[in-house]
Amino acid sequence: MTPAADRSLVLVGLMGAGKTSIGKRLAARLELPFVDADAEIEKAAGMTVSEIFAQHGEPYFRDGERRVIARLLEGPRQVLATGGGAFVDPENRARIKAAGWSIWLRATIDTLLKRVKRRGTRPLLSQGDPRAVLERLMAERHPFYAEADIVIDSGDGPHETVVESIVQELNRRATDHA
């Protein structure tokens with residue numbers, strides 16, 4: 009285990025940044041459990057994120073997301089992939105910073121578009137032109153993501169390269185704080 013992995017590692021960033029796929033690999037590398045907050049929200053609600061948005065709206069979803077993230081962060085050390093809007097919420101941001109290392113997986117619009125087009129399950133992208141929606145979300149959310157403890161570029165390269173960058177940064181921080 010990496011010394012700096014003494015706290016949960018919480019991945020933040022826009023949809024398509026690789027939080028789930030990179031998170032699974034990072035968890036395996038560090039021998040930690042992987043948890044996807046959206047999957048936990050779906051389990052708690054008994055419906056998909058898209059269904060929650062359609063039937064109850066975004067504020068209802070965000071309230072459930074807040075409760076689920078709080079519960080997960082009270083548990084054992086883990087790699088936690090959050091939804092794209094989770095870190096925008098001040099309560100979530102404070103909890104994440106108190107309980108773990110926040111890691112922003114940053115990617116370009118073109119990379120995000122390429123990745124999200126493979127999946128049609130993004131409720132926020134059903135609101136018009138996907139590029140325009142992602143550009144708007146990027147403008148709104150990047151200032152919050154920039155508050156993350158660690159910023160890692162999640163480009164088109166292999167996910168293993170991103171995982172290695174995260175591990176190296178955690179090791180560097182552990183050495184700096186030793």
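When you line the sequence shown up against our numbering, it's residues 9 to 186, in that order.
Heads up, the beta-carbon is just placed ideally off N, CA and C, and yes, glycines get one too.
- Under the DSSP definition of a beta bridge, D44 partners with A89.
- Going by C-alpha positions, F152 is about 27 Å away from A52.
- Annotation: the continuous alpha helix (DSSP H) that includes S173 extends over 167 to 184.
- Of the other Cβ atoms in all chains shown, 16 or more fall within 10 Å of the Cβ of G108; this residue is therefore buried.
- For D161, the secondary structure class from DSSP, reduced to helix, strand or coil, is strand.
- Taking the Cβ atoms as the reference, L145 lies roughly 7 Å from G92, within the contact range of under 8 Å.
- Beta-carbon to beta-carbon, H167 and G26 are separated by about 6 Å, close enough to satisfy the 8 Å threshold.
- In this structure L40 touches V87 by the C-beta definition: roughly 5 Å separates them, less than 8 Å.
- Residue burial annotation: D184 is exposed, with fewer than 16 other C-beta atoms found within 10 angstroms of its C-beta.
- Put simply, of G31, S16, M23 the residue whose alpha carbon is nearest the alpha carbon of L142 is M23.
- Separation of L113 and V57 (C-alpha to C-alpha, rounded to the nearest whole angstrom) is 21 Å.
- Restricting attention to T119, L34, G83, the CA atom closest to the CA of R103 is found in G83.
- Assignment of beta-bridge partners to L113 by DSSP yields I160.
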